[in-house]
Each structure stands twice: as structure tokens, then as C-alpha cells.
Amino acid sequence: MPKQNSSLLRPRRAGETTPVTTIELFFDLVFVFAVTQLSHSLLQNLTLAGALQTLILFLAVWWVWIYTSWVTNWLDPNRAPVRFLLFALMFAGLILSISIPDAFAGRGFTFASAYVFMQLGRPLFMLWALGDADPGNTLNFQRIASWAALSGLFWLAGGLARHDLRPVFFAAALAVEYAGPSLGFWTPLLGRSSTRDWNVEGAHLAERCSLFIIIALGESLLVTGAAFGEAAWTPATTAAFAAAFAGAAASWWIYFDLGAEEGSARIASSFDPGRLARLAYTYIHLLIVAGIIVSAVADEIVLSHPEAHPQTRDVAVIVGGPLIYLFGVLLFKRTVRNRAPLSHIGGLVMLALLALAAKTQTILALGAETSLILIVVSAWEWISLRRKPQTAPLLDSRGGGD
């Protein structure tokens, strides 16, 4: 008879939401370090190759975090075995984060090994925890473990490969991983998962992703504060510091004023929360976090060279960070509301126009203007939404949105 460990699963009661626990927040602290490592790696290798390498590492870090958030949606972190799982994942996450600067040099296998340990160990633990308590989800995690094993071969091969071939193997591994949810983790003999099998508690996952946005924004403030503390306090650097803070504050407003709350309400009332969680929180939120990380790098550039004229790579980072962020939030709100905010579309147009004229001004002016655009977007949406009531699609219990 299959072993049953349903005591390790969160108790769920109709009408109640699942709280985020302190150990989940403790786990997230590892990713403060990971985000810092990613932003520093990009800043130190601000080339096309460096950007591609940072993108690969970021996608890996995000996948580790979001998969763990899905798992703790089912597991009860108040149970000792679950806590030990999270401690083990935290330790491996620290090793992974430490390896980020040299992941394409001397620590590639260390990075890959830590990653595979987390991605394969987590579903195996889930299989033990689920037992026969949830046959549909048990089969789902059998498929997930199979996909993790397949991608793990590419990760480990990449860690052992020559440095020039490593990005190819790592990219192939990520292609397998990111295709998995969209394809329902189709596996020979095991079939394909349905999003109905992913019976997530939507409000919990929404809160977890919101907290990761806070982590990324907090890291950008840490980077800005550290850079300003080391710089000479001139009128230019002081203005750059103020502009960076204003941009971070506007970014917070754009996401949290209504977007985060709307997302939580929508997924909580969704007929198919697994489908909405896959699109809105698993895929789209990575764009939001990526935009914040690139913006943190932009803030350092503006603080370091405020009076210089930007090169092409500077423009790509200073304008690209807010643009990626705003595009991600637009997609998120489009999924939640069934319509794209006009304010966000306007902001993207303004950022694109700014990029065309970027080289005619100083880096400080460029950074200040991107922050101003974010402020305009946040004010535009705030005013427009308070002039008219929310419409029905927000609470459409038929869910999906993708």
C-alpha cells in the first residue's frame, strides 16, 4: 500500500487563505544575495556576451525560487521535515549564488551541481510527502522529476564542458525547464499534466511573488545606497541618488498600488488557478524582476558617471531596465484585468522615444528622465483608476486569462 505523508501538507479550509510563514521569508534571504550577485555580474561584464550569461543565470535563479514557492504552496513549513528541506535548499542556494560570478569560468560545475540538487531533490521530496494523498499531483511530480532529470544532464554536461561551450549546454537545459510547464510536463508512459492538477492556493503564491518583487526592489536600493556612499557627494551624484530613489519608489507604486492586490483577488477566485499561476506568476513575473535587476545596474552607472554622455550599452541598460519592468507589469495587469493599462502603454512609448534621443544628453539626465516617466505612469494610472469603478473581469471566476 503506498505510503501516505499527508501530515506534511498544508491544511486547506474553504474560504481561508494560506499564510506565508517565517521560514519561507528566511529562505528568500538567500535570493537577496543571488540578485545582488546577478546585478554585480552584469555591471562588471556589460557586453552582449556578459548580458547573455547573466540572463542564463537569472533564468536559473528565478526557476529555483518559483518552483520552491509552488512546492511550499502545498507543503506545510511548520512541519520539521519540510523545514529541513528548505534549509537544504537554502544551503544549496547559497552555493549556487556564490558560484554566479564564476559560473562560466572555474565554478561552472559547482553552479550546475547545486542547481540540479535543488531542482531534482525538491520533486523527489514532494513525491514522498504526497504519497497517495493526492494521486493527480503525485503523477504531476513524477513528470516534473523526469523533466528535472533530463535538464540536469545538460546542466552537469555544461558544468564539465569547455568555457566557450558552457552557455550552449546551460541554454539547452533552460529550454527544457521552461518548456515543461507549457507542455504539461508531457512524459512517455506518464502522459501530460493539466493545470487543474496544480490545485494551488492562489493568494499564497501571489503573496510569495509580491515578496520577491520587494526583495528585488530592496536590492536595488542597497546597490544605490552603497554606490552613493562610496561616491564623492557632488550635486551631480546627489541628483543621481535622488533620481534612483524616485525611480524605485515609482516602480513600487506601479506594481503594488493596485496590481498586486488585483492579482491576488483574481487568482483566488479563478476557476483554474493553476493556469493563471503558470502564466501570470511563473512566466510573466520573471520579466518584472529582470527589469528591476537591470535598473539596479543602471542606477550604479548613473551614480558612477553622471556627467558623461552615454554609450550604446549605457542606453540599453538605463532605458532597458524600466522598459522591461514596465512591459512585465503591463502583461501581468493585462492577464489580471483582461485589458492593458493605457498608462503603461504610454510609458513604454515614452521610454522608446527617450532611447532615440538618449545620446544627446548626459547619463544623469537620461536616468532622471526614466525615473520621471515611471512617476508619470504611476500617477496616470492612479488618477485614471480612481475616476472610474473597477470592471467585472477582475473578479471573473472563470479564471485563466491566458
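For the numbering used here, add 238 to where a residue sits in the sequence shown, where the first one is 1.
Each residue gets a CB set at the ideal place from its N, CA and C atoms; glycine is no exception.
Listed as beta-bridge partners of T425 by DSSP are G429. A straight line joining the alpha-carbon of N375 with that of L568 spans about 32 Å. With respect to the 8 Å criterion, F342 and H401 are classified as neighbours on the basis of their beta carbons. As computed with DSSP, L313 is found in a beta bridge with L247. If you ignore the 5 residues before and after R551, its C-beta comes within less than 6 Å of the C-beta of L284, all in its own chain and listed in chain order. Secondary structure at V438: coil, using DSSP grouped into helix, strand and coil.
Straight-line measurement puts the Cα of A410 at about 29 Å from the Cα of A536.
Your pair L612 and I522 does not check out as a contact, with CB atoms roughly 19 Å apart and the cut at 8 Å. Selection S542, F570, G529 evaluated against A554 yields G529 as nearest (Cα-Cα).
A residue is called buried when at least 16 other Cβ atoms come within 10 angstroms of its Cβ; L334 meets this threshold and is buried. Cβ-Cβ distances below 7 Å link A534 to S277, E457, S458, V461 in the same chain, with the five nearest sequence neighbours on each side left out; the list follows chain order. Counting only runs of at least 3 residues, the stretch 562 to 591 fully encloses no beta strand (DSSP E) element at all. Measuring C-alpha to C-alpha distances from L541 to each of E468, A506, D495 identifies E468 as the nearest. Listed in chain order, the non-local C-beta contacts of L362 below 7 Å within the same chain comprise A383, local neighbours out to five positions each way being set aside. Taken through DSSP and simplified to helix, strand or coil, A350 comes out as helix.
Remark: C-beta atoms of V270 and G331 do not approach each other more closely than 8 Å. Burial is judged here by how many other beta carbons sit within 10 angstroms of a residue's own beta carbon; L263 has fewer than 16 and is exposed. Within the stretch 588 to 619, no alpha helix (DSSP H) run of at least 4 residues lies entirely inside it. The continuous alpha helix (DSSP H) containing N375 extends over residues 373 to 398. In this structure the stretch 570 to 588 touches the stretch 615 to 627; the number of beta carbon pairs closer than 8 Å is three or more. Just so you know, the alpha carbons of F423 and D435 end up roughly 12 Å apart.
Distance from the Cα of K597 is smallest, within the candidate group E545, P339, T256, for E545.
Assignment of H401 by DSSP, reduced to helix, strand and coil, places it in the coil class. Between the stretch 488 to 502 and the stretch 413 to 430 there are fewer than three inter-stretch CB-CB distances shorter than 8 Å, so the stretches are not counted as touching.
Rounded to the nearest whole angstrom, the C-alpha separation of G397 and A298 is 14 Å. Taken in chain order, the complete alpha helix (DSSP H) segments of 4 or more residues contained in the stretch 256 to 294 are 260 to 282. The three-state secondary structure of E545, taken from DSSP, is coil. With fewer than 16 other beta carbons inside 10 angstroms of its own, V406 counts as exposed.
Annotated as distal: L246 and R321, with beta-carbon spacing of 8 Å or more.
Only residues of its own chain outside the window of five on either side were considered, and among them Y519, H523 have a CB closer than 6 Å to the CB of C447, listed in chain order.
About 4 Å separates the beta carbons of G566 and I526, which is inside the 8 Å limit, making them a contact pair.
Annotated three-state conformation of L496 is coil, per DSSP.
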